[in-house]
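**Student:** Let me begin by handing over the structure; questions about it come next.
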Amino acid sequence: MNIFRILLAILALSWGLVKILRGKKVESRKNRDNVKIQENKKIKDAANNLKEKEQATQLNNEKNERFLADCRRFAGCKDMLEHQYQAYHACLESIKIHEIQKQKLCEILNSKKLEIKKSSSLKKNNLKKEYNQYVSKLEGMEKQLADSHHKYKEIFDNVQETNKSATNIANHIRKEYGVLGEDWYKENYKQVEFVPLPSTVMIGQQEHQLIIQDKSGKWQLLSMIMFIICMIILIKTFLF
Numbered sequence: 735m736n737i738f739r740i741l742l743a744i745l746a747l748s749w750g751l752v753k754i755l756r757g758k759k760v761e762s763r764k765n766r767d768n769v770k771i772q773e774n775k776k777i778k779d780a781a782n783n784l785k786e787k788e789q790a791t792q793l794n795n796e797k798n799e800r801f802l803a804d805c806r807r808f809a810g811c812k813d814m815l816e817h818q819y820q821a822y823h824a825c826l827e828s829i830k831i832h833e834i835q836k837q838k839l840c841e842i843l844n845s846k847k848l849e850i851k852k853s854s855s856l857k858k859n860n861l862k863k864e865y866n867q868y869v870s871k872l873e874g875m876e877k878q879l880a881d882s883h884h885k886y887k888e889i890f891d892n893v894q895e896t897n898k899s900a901t902n903i904a905n906h907i908r909k910e911y912g913v914l915g916e917d918w919y920k921e922n923y924k925q926v927e928f929v930p931l932p933s934t935v936m937i938g939q940q941e942h943q944l945i946i947q948d949k950s951g952k953w954q955l956l957s958m959i960m961f962i963i964c965m966i967i968l969i970k971t972f973l974f
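Residue numbering for the sequence shown follows this note's numbering, beginning at 735 and increasing consecutively.
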C-alpha cells in the first residue's frame with residue numbers, strides 16, 4: 735500500500751514537472767514569436783517611413799520643378815515685353831519721321847500750287863509735272879504711315895496680350911506656392927512696369943493722334959447702318 739502511494743506521488747510529480755516544462759517551452763516559443771513580430775513590425779514601419787519620405791521628397795521635387803518652370807515662363811514674358819517695347823519705340827520713331835516728311839511735302843505742294851497760279855502758261859506744264867511728282871510722293875508717304883499705324887496696332891495688341899499672360903502667371907505663382915510664391919511675387923512681379931501705350935505722338939510742338947484701327951468698329955458701323963435701314967423700312971410700311 736505504501737509502495738502504491740509512493741508510485742502515485744512520483745507519477746504526480748512527474749506529470750507536474752512535464753506540465754511545467756511544457757508550459758515554459760510554450761511560453762518561450764510565444765516570446766520568440768512576439769520578438770519576431772516586433773522585429774517584423776519595426777522593419778515594416780521603417781520601410782513605410784522611408785517610402786513616405788521618398789514620396790514627400792518626390793512631391794517636393796515635383797513642386798520645385800513646377801515652380802521653376804512657372805518662373806521661366808514669367809521670365810519669357812518679361813523678355814518678350816522688352817523686345818515688344820523696343821519695337822514699339824522704333825515704330826513711334828518711324829511714325830514721327832513719316833509725319834514730318836508728310837508735313838514738308840504738304841508745304842511744298844501748297845507752294846507749288848501758288849507757283850502754278852502765278853506762273854505763265856509756258857511754265858505751268860513743268861510746274862504741274864513737278865506738282866504731280868510730289869503728289870505721288872505724298873501718296874507713298876501716306877501709305878507708309880498707314881503701314882506704320884497698322885504695325886503700331888499689332889504691337890499694341892501684342893503688348894496687352896503679353897501683359898495679361900505675365901499677370902496670370904505671376905498670380906498663379908503667388909497662389910500656388912505659398913510663402914515661396916509670395917516672396918517671389920514681391921521680389922519679381924513689381925519689377926515689371928506694365929506701361930500703357932500712348933495714343934498720341936508729339937511732333938515738334940504739335941500732338942498728333944495715332945491711328946489705331948479697331949476691326950470691331952467696322953462691324954458696329956455696319957450694324958448701325960443695317961438698323962437704320964430696317965427702321966426706315968418699318969416706318970414706311972406702317973405709314974404708307
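The beta-carbon is built from N, C-alpha and C at its ideal position, and this holds for glycine as well.
#1: In the DSSP assignment, find the unbroken alpha helix (DSSP H) run with Tyr923 in it and report its ends.
#2: Should Ser845 be labelled buried (16 or more other beta-carbon atoms within 10 Å of its own) or exposed?
#3: Take the Cβ of Gly915 as the centre, count every other Cβ of all protein chains shown within 10 Å, and call the residue buried at 16 or more, exposed below.
#4: Which of helix, strand or coil does DSSP assign to Tyr911?
#5: Which of the three DSSP states is assigned to Asn866 in this structure?
#6: Where does His823 land, buried or exposed, given buried means 16+ other C-beta within 10 angstroms?
#7: Count Cβ pairs between the stretch 890 to 902 and the stretch 859 to 874 that sit closer than 8 Å; are there 3 or more?
#8: Distance, Cα to Cα, Thr901 vs Asp804?
#9: Would you identify the three-state DSSP class for Ser882, choosing helix, strand or coil?
#10: What is the DSSP secondary structure of Ser853, counted as helix, strand or coil?
#11: Whose C-beta lies closer than 6 Å to the C-beta of Tyr911 among residues of the same chain, with five residues either side of it excluded?
#12: With hydrogens ignored, establish whether the beta-carbon of Ala824 is closer than 6 Å to any heavy atom of the ligand ATP.
#13: Within a Cβ cutoff of 8 Å, which residues of the same chain sit near Ile737, ignoring the five residues on either side of it in sequence?
#14: By a C-beta neighbour count over all protein chains shown, 10 Å radius and 16 as the cutoff for buried, is Thr714 buried or exposed?
**Tutor:** The short version:
#1: Per DSSP, Tyr923 belongs to no alpha helix (DSSP H) and is neither H nor E.
#2: exposed
#3: buried
#4: coil
#5: helix
#6: exposed
#7: no
#8: 12 Å
#9: helix
#10: coil
#11: Phe801
#12: By its list of ligands, the structure shown contains no ligand whatsoever, and the ligand ATP lies outside what it can speak to.
#13: none
#14: Since the first residue shown for the chain is 735 and the last is 974, residue 714 is missing from the structure and cannot be characterised.
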